[in-house]
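Going by our numbering, the sequence shown opens with residue 101, and the numbers climb by one from there. Note that CB positions come from ideal geometry on N, CA and C, so glycine has one too.
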Amino acid sequence: MAPTCQAISHGSLMGARGNSGVILSQILRGLVSTISESTDGKVNASRMAEALKRASAAAYEAVLKPIEGTILTVVRESADAAAVAVSNGATLSATLQAARTAGRDALARTPDMLPVLKDAGVVDAGGAGFLLLLDSAIHVADGEAMPEPDDSDGPSVEQLEAVSLRHSGDGSVDVSELRYEVMYFLDLEDSRLSEFKKAWGSIGDSIVVVGGEGLYNCHIHTNDIGAAIEAPLLLAGRPRQIRVTDLFEEVADEHAAREAALGAPVQSRTSSPSLPPVTCAVVAVASGDGLAELFGQLGVQGVISGGQTSNPSTAELLAAVEHMNARQVIILPNNKNIIPVAQQVDALTTKEVRVVATCSMPEALAALVSYDPEASAESNARSMTVAAESVATGEITQAVRDTHTDAGQVTSGDWIGIVRGDGIVAIAGTLVTAASQLLDHLIDDERELLTIVTGTDSTATHTDHIVAWVSQHRPSVAIEIHSGGQPLYPYLFGVE
């Protein structure tokens, strides 16, 4: 029993996604911490009620500013009902049934507690997920069939519109108006945790921090991505596996999908949601769909397809700049051949344009961490340039002809590793060997983070081998992996 409970606890912490997902991980940890105490490997009604009580307490403790009408309410009322059932002598099955009934009642009331749910015509999704957990427990306890999935069509176009218009023009700020969801794992001394939570409390909401013993899973909704990521760095912490989601884009995509599904008139639809106004926007060149999506998550408002073999024209860059809902724009060319093209744009527009001379996609990713949409183009250009220049970059590709280099003879078909400023530093017959040689050259003792961007020709096996090499030979270096989808270069690397 104990090893299984430990696996559930650890797996839920490491696998949690989204606000409710992180809270649910704490609920599971609270449950299994009680269940694992069973000496005979069995769970009775009393122990289940205590487990639900601990689960509720753990969930509330994880949230900096608990909000009723969420999964928190559902688990708390379920736990209270279980305690009452046990005091009346209920069996395990009856205790679970009582918890589920109370949870269903609480879930049905969540729209009355949170106006954003009522506007959308939905109940809290996290609470619904918790009830599915209780359904599963009842299925195991007495064999009751699992419920059929809800076949509801979900919120209507009008309801989604109501959500998007909440508080518009009245000057107030709602949790739903925070644009970005930022999540990461954080290595941080336990004694500094309260300082970290305080820092996050000043820049966002929906804050959930769970974990312990130096490792935490962190979640926040904010309008300042950079501050959310930089906060632990000031406390000697190290964020890793950073994930950023543009919540506004998710709502816009759902809105468009609902319009299409419900047959909205064509003239009522727009080809794309209008861009939000910002002081300074970013236009970036990307060589793959994955990179384009990643850039969007990091706040880039305009992405142009291009790269080593497909450089965009000045006209294309200018059109993207003019499309931005901002008077100041930063361009990230992400290739040395595109830099001079980008530098012509400023003279062709009335907008203020600055070029951050990024030569690779990893440099752009590092630069975007320092991007502040409400700062000036000049200020952003300075900070983003410093961030980009702190990154050493490399790439893996396959030779298409024979040649001689400072690193040795290259034969067509060889895999080669290229480092910006150093040229070809690795030549090998296999991709993994070339990547290992490249990373051995690239990662020195001062480096702490390796970003891997996978291309269309990458494979899960190759990626696993590369990660294993880094873990063995550079164990102190944290690793982030992003699906870039770029052609020609199966792997792009950036080290900071």
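**Message:** Can you check which of these residues, D224, G203, G337, is closest to M213 by C-alpha distance?
**Reply:** D224
**Message:** Using the Cβ count rule (16 or more neighbours within 10 Å means buried), how would you classify V421?
**Reply:** buried
**Message:** Check whether the region 541-548 and the region 518-527 are in contact - that is, three or more C-beta pairs closer than 8 angstroms.
**Reply:** Between the region 541-548 and the region 518-527 there are three or more C-beta pairs closer than 8 angstroms, enough to call the two in contact.
**Prompt:** Along the chain, where does the alpha helix (DSSP H) that runs through S576 open and close?
**Reply:** Element bounds for S576: n/a, residue is neither H nor E.
**Request:** Compare the C-beta of M246 against all C-beta atoms of chain C and say whether one is closer than 7 angstroms.
**Result:** The displayed structure is made up of one protein chain only, and chain C is not part of it.
**Inter-residue Cα distance where the pair is A198 and H565** = 50 angstroms
**Item:** S583 - DSSP class collapsed to helix/strand/coil
**Value:** strand
**Request:** Specify, as a first and last residue, the run of the alpha helix (DSSP H) that Q509 falls within.
**Result:** Premise fails: Q509 lies in the beta strand (DSSP E), 508-510, not in any alpha helix (DSSP H).
**Message:** Just verifying my parser: in three-state terms, what is the DSSP assignment at C459?
**Reply:** coil
**Request:** Along the beta strand (DSSP E) that carries I430, what are the first and last residues, could you check?
**Result:** 428-432
**Asked** Given that a residue counts as buried once 16 or more other Cβ atoms are within 10 Å of its Cβ, and exposed if not, what is S187?
**Response** exposed
**Request:** Starting from S138, trace the alpha helix (DSSP H) both ways and give me its first and last residue.
**Result:** Counting along the chain, S138 falls outside any alpha helix (DSSP H), and DSSP gives it neither H nor E.
**Asked** Quick one: Cα of S536 to Cα of H321, how far?
**Response** When only Cα atoms are considered, S536 and H321 end up about 37 angstroms apart.
**Through-space distance from A145 to G585, alpha-carbon basis** = In a straight line, the C-alpha of G585 is about 51 angstroms away from that of A145.
**Message:** Considering just the uninterrupted stretch of the alpha helix (DSSP H) at A384, what are its terminal residues?
**Reply:** From DSSP, A384 is part of no alpha helix (DSSP H) but of the beta strand (DSSP E) over 380-386.
**Message:** What does DSSP give as the partner residue(s) for I127 in the beta ladder?
**Reply:** BP columns for I127 are empty, so no partner.
**Expected contact under 8 angstroms - CB spacing of A481 and E463 to nearest Å** = Not quite, the Cβ-Cβ distance comes to about 14 angstroms (not below 8 angstroms), so this is no contact.
**Item:** Top-ranked residue by Cα proximity to G594, from V491, V570, A534
**Value:** Check the Cα spacing between G594 and each of V491, V570, A534: the tightest is with V491.
**Request:** Entirely within the region 520-576 and at least 4 residues each: give me those alpha helix (DSSP H) ranges in chain order.
**Result:** 531-542, 560-573
**Segment limits, beta strand (DSSP E) that includes E281** = Run containing E281: 280-287, per the beta strand (DSSP E) assignment.
**Message:** Can you tell me which residues form a DSSP beta bridge with P339?
**Reply:** According to DSSP, residue pairing for P339 in a beta bridge involves L286.
**Prompt:** Taking the C-alpha atoms as reference points, what is the distance between S387 and A442?
**Reply:** Cα to Cα, the separation comes out at about 16 angstroms.
**Item:** Inter-residue CB distance, G130 and A107 (contact presumed, cutoff 8 angstroms)
**Value:** So it is not a contact: roughly 16 angstroms between Cβ atoms.
**Asked** So I329 is in the beta strand (DSSP E); what residue range does that whole segment cover?
**Response** Segment 325-330 is the alpha helix (DSSP H) holding I329; no beta strand (DSSP E) there.
**Item:** Whole-angstrom distance between L293 and I430, CA atom to CA atom
**Value:** Between I430 and L293, the alpha-carbon positions lie close to 35 angstroms from each other.
**Beta-carbon proximity of R338 to F285, cut-off 7 angstroms** = no
**Request:** With a cut-off of 8 angstroms on the beta carbons, I'd call V175 and A155 a contact; round off their distance for me.
**Result:** 6 angstroms
**Prompt:** Is the distance from the Cβ of G390 to the Cβ of S583 below 7 angstroms?
**Reply:** yes
**Prompt:** Is A116 helix, strand or coil when you go by DSSP?
**Reply:** coil
**Request:** Can you give me the start and stop residues for the alpha helix (DSSP H) that L418 sits inside?
**Result:** 414-423
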